[in-house]
Amino acid sequence: MSATVVSESMYGNTRAVAEAIAEGLGDAEVMSVPDAAGRVQAADLLVVGGPTHVHGIATKRSRQAAAKAVHEDGAAHLEAEATDEPGLRAWLRDLPNGEHAKAAAFDTRLDKSPWLTGVASRGIAKRLRRDGYDVIDQESFLVEESEGPLAEGELERAREWGRKLASLIPRPAAAARSER
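Per the numbering used here, the sequence shown starts with residue 15, numbered consecutively.
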């Protein structure tokens with residue numbers, strides 16, 4: 015099984031989750047949204063994730079506000095591609111039709127009620143379905159504060175979720191025979 019994990023990350027938390035998911039998946043390529051533009055190849059599974067901003071998928075304005083806040087207080091580290099275009103929302107809008115390819119969605123969000131924080135993976139999954147993908151699962155991973163860090167145990171939970179996703183994708187018959 016081959017997989018591609020695409021993520022948008024402001025402070026590195028979502029990127030760390032994407033890398034942990036890829037570890038769980040096994041054979042997976044990880045790339046940022048700007049790097050993935052026009053490069054998503056046919057994989058058995060496309061996993062897409064981003065931070066939850068203003069109850070959903072980050073917008074250009076919310077990404078700029080986060081960058082401005084980091085610049086003003088200097089307390090957090092901003093990922094190099096955090097304000098690069100396209101952002102996740104625009105990338106999803108331009109994503110070619112998945113023709114029933116398998117996909118999964120994830121997000122990072124504050125460790126509070128989803129009613130208070132929102133859940134970006136819902137919007138990601140909705141857009142993937144709209145574009146013809148068969149979304150097999152979605153998940154949220156928690157951060158302690160807007161800038162992080164990830165809540166305790168979230169990276170292991172992300173690896174486990176990657177293993178779960180891998181188990182949901184049928185292996186090609188040739189690969190299954192070669193393992194016997």
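Think of the CB as a built atom: it goes at the ideal place given N, C-alpha and C, for glycine as much as any other residue. As the structure is a prediction and not an experimental result, all values here were calculated from the model.
Under the three-state DSSP convention, the category residue i falls into
i: residue 148; result: strand
i: residue 117; result: strand
i: residue 28; result: helix
i: residue 71; result: strand
i: residue 42; result: strand
i: residue 54; result: coil
i: residue 154; result: strand
i: residue 65; result: strand
i: residue 106; result: helix
i: residue 185; result: coil
i: residue 191; result: In this prediction, residue 191 has a pLDDT of 39, which is less than 50 and means its spatial position is unreliable; nothing more can be read from the coordinates.
Run of the alpha helix (DSSP H) containing residue i, from where it starts to where it stops
i: residue 133; result: Segment: none, residue 133 is in no alpha helix (DSSP H) and carries neither H nor E.
i: residue 90; result: Per DSSP, residue 90 belongs to no alpha helix (DSSP H) and is neither H nor E.
i: residue 181; result: 168 to 182
Residue environment, residue i, which counts as buried when at least 16 other CB atoms sit within 10 Å
i: residue 27; result: buried
i: residue 152; result: buried
i: residue 101; result: buried
i: residue 116; result: buried
i: residue 121; result: buried
i: residue 154; result: buried
i: residue 189; result: In this predicted model, residue 189 has a pLDDT of only 49, less than 50, meaning its place in the structure is not dependable enough to derive any value.
Candidates the options, of which the one nearest residue i by Cα
i: residue 113; options: 40, 59, 94, 67; result: 59
i: residue 142; options: 61, 29, 174; result: 61
i: residue 156; options: 86, 127, 123; result: 123
i: residue 69; options: 84, 32, 133; result: 133
i: residue 91; options: 163, 169, 167, 183; result: 163
i: residue 20; options: 35, 34, 44, 31; result: 44
i: residue 47; options: 79, 97, 78; result: 97
i: residue 56; options: 182, 147, 168, 159; result: 147
i: residue 168; options: 16, 184, 35; result: 35
i: residue 140; options: 181, 40, 103, 125; result: 103
i: residue 18; options: 53, 25, 30, 24; result: 53
i: residue 159; options: 24, 16, 73; result: 24
Residue range of the beta strand (DSSP E) that includes residue i
i: residue 20; result: 17 to 21
Chain D contact for residue i (CB, 8 Å cutoff)
i: residue 104; result: The question asks about chain D, but that chain is absent: this structure has only one protein chain.
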